[in-house]
Amino acid sequence: VAIRINCQSILGTLKNCRSLFLSGHVGFDSLPDQLVNKSIHQGFCFNILSIGETGIGKSTLIDTLFNTSFDDHVSTHFQPNVRLKAQTYELQESNVRLKLTIVNTVGFGDQINKDDSYQPIVDYIDAQFEAYLQEELKIKRSLYNYHDTRIHVCLYFISPTGHSLKTLDLLTMKNLDSKVNIIPVIAKADTISKSELQKFKIKIMSELVSNGVQIYQFPTDDESIAKINATMNGHLPFAVVGSTEELKIGNKVVKARQYPWGTLVFFVEHNSENFKHCCLSLNEECYLHFMALSLQETYEAKRHEFLGELEQKQEEMRQMFVQRVKEKEALLKEAERELQMKFEHLKRLHQEERMKVEEKRKLLEDEIIAFNKRKAASDILQGRPLPPTPTAGFKKDKDRKKDPGFRLELLCFDVRDQEVVNVDDERTKEKLERDRYHHREFQQ
């Protein structure tokens, strides 16, 4: 919200800016020249991806388009999968240097099972985007010396069958339209007649629209190039014919293709008869004059998409982290609750055991008191003196039994008891004798 407010305030300030006239030369009128000189010094980078079946004329068209002969090594076409081969060339026109990278799809359409033929191409494009983005996200980046390998334009070569697009073509373009600028071209357009070519173009465009395939549309918002770009959009898909053969026509040596019935000259005027059949001159003007820079805008969309996905993943990771923290807290609370319950249970058991021990101790004390009372009563009945009340300072019974003095005391008690018993027996006998004596006297 703050950013929007700042932007609106800045726009409002710009609308209220006053226009002033300089009284003398300042020097910022050379800024465009400085930018041009910097761009010329750095050079330009342009990467082309050519997709098409084997022998459809991809390399020939590229040679014709750049008016040179690239050393393209012959590749084997017996690979089980599609293989991409990238070759980089340094080109110079006047004082402008161009680093051109041509990526060929070797073996495309040669397999019996063509379901996943587009997957290596998609992976390659994504890998180049990822490599550039990682370089851009570095703390210490050097984009000035970085070799940009992002694909700027894809030339998709369509076989001149004159009927309709193949399923492989629709499937491949559908998976590539969001990743690269696709410009469909009808290869070897000289193999079909003009009427068939026009019908074939209409058929191709209708199939692309019905299947939701988005091809590149040249921008028409700039008035300086709106007219020619509208003309280019009207010729899609382009019908092309390539040739590396040079022929002398009149006083000029031009690239052309000669037939028994005539000669097809490339790079001709737009209003000529050859232009109506071959759009190669239009392609050359389209690709290399002013469209090379505008074709790089797809990366910005890809970068925006990547950053959006990155933010979404970060938000998902944050939500996942918060969810895991909550789950962990719930587990810890559950474990704490279980430990608290276990502690309360053990505490309750401890209290119950303690109460049982206290009850047993009280019963034992009561039994000891009752035993002492019975012992005291027994001692009174037997005429024994009461034993002294035990104090807390006496030793335990086991320790007292080990004491020699205690043993001697017990022995003395036994002897004394025995003497008492003997004295009582003698008195009883004397009394019995006296009673017997008095009884005899009474009888007499």
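As numbered in the UniProt record's numbering, residues 1 to 444 make up the sequence shown, in order.
For every residue, glycine included, the Cβ atom is placed at its ideal position computed from N, Cα and C.
Burial state of residue i, where buried means 16 or more other Cβ atoms lie within 10 Å
| i | result |
| --- | --- |
| E316 | exposed |
| V82 | buried |
| G242 | buried |
| Q128 | buried |
| K138 | exposed |
| N95 | exposed |
| V253 | exposed |
| L331 | exposed |
| K201 | buried |
| L22 | exposed |
| N251 | exposed |
| D29 | exposed |
| V322 | exposed |
| N104 | buried |
| H41 | exposed |
| G262 | exposed |
| V325 | exposed |
| H304 | exposed |
| I369 | exposed |
| F108 | buried |
| N47 | buried |
| K179 | buried |
| L310 | exposed |
| G308 | exposed |
| G57 | buried |
| I125 | buried |
Sequence-distant residues of the same chain with beta carbon closer than 6 Å to residue i, five excluded per side
| i | result |
| --- | --- |
| Q312 | none |
| residue 456 | Not covered by the structure: residue 456. The range shown for the chain is 1 to 444. |
| D190 | V241 |
| K174 | V213 |
| Q134 | none |
| V122 | N175 |
| L49 | V103, I151 and C154 |
| R97 | G43 |
Contacts around residue i, its chain only, beta-carbon distance under 7 Å, and the 5 residues preceding and following it disregarded
| i | result |
| --- | --- |
| T220 | A226, N229 and A230 |
| K373 | none |
| Y216 | N181, I182 and I183 |
| N211 | L170 and K174 |
| L168 | G109, K114 and S117 |
Chain C contact for residue i (CB, 7 Å cutoff)
| i | result |
| --- | --- |
| E327 | Looking for chain C here will not work: only one protein chain is present. |
Beta bridge counterpart(s) of residue i as assigned by DSSP
| i | result |
| --- | --- |
| Q92 | R97 |
| E246 | K255 |
| Y156 | I51 and P184 |
| K85 | N104 |
| A131 | None, per the DSSP bridge assignment. |
| G43 | Answer is none; G43 lacks a bridge partner. |
| T263 | Q258 |
| F238 | V185 |
Same chain only: Cβ atoms within 8 Å of residue i, ignoring 5 sequence neighbours per side
| i | result |
| --- | --- |
| F70 | S59, I62, D63, Q87, Y89 and I102 |
| L410 | Residue placement at L410 cannot be trusted, given a pLDDT of 49 that sits under 50; the coordinates are not used to answer. |
| M341 | none |
| H163 | F200 and K203 |
| A256 | S243, E245, E246, L247, I249, T263, L264, V265 and F266 |
| R434 | none |
Cβ distance (whole Å) where residue i is taken to contact residue j below 8 Å
| i | j | result |
| --- | --- | --- |
| T172 | Y118 | 4 Å |
| V185 | L155 | 6 Å |
| A187 | G43 | At roughly 30 Å, the Cβ-Cβ gap does not stay under 8 Å, so A187 and G43 are not in contact. |
beta-carbon residue i near the ligand GTP non-hydrogen atom, thresh 6 Å
| i | result |
| --- | --- |
| Q42 | Within the structure as shown, the ligand GTP is missing, as the structure has no ligands at all. |
Requested in this report: Within the stretch 182-222, note down every full alpha helix (DSSP H) run reaching 4 residues or more, in order along the chain.
Outcome: 194-210
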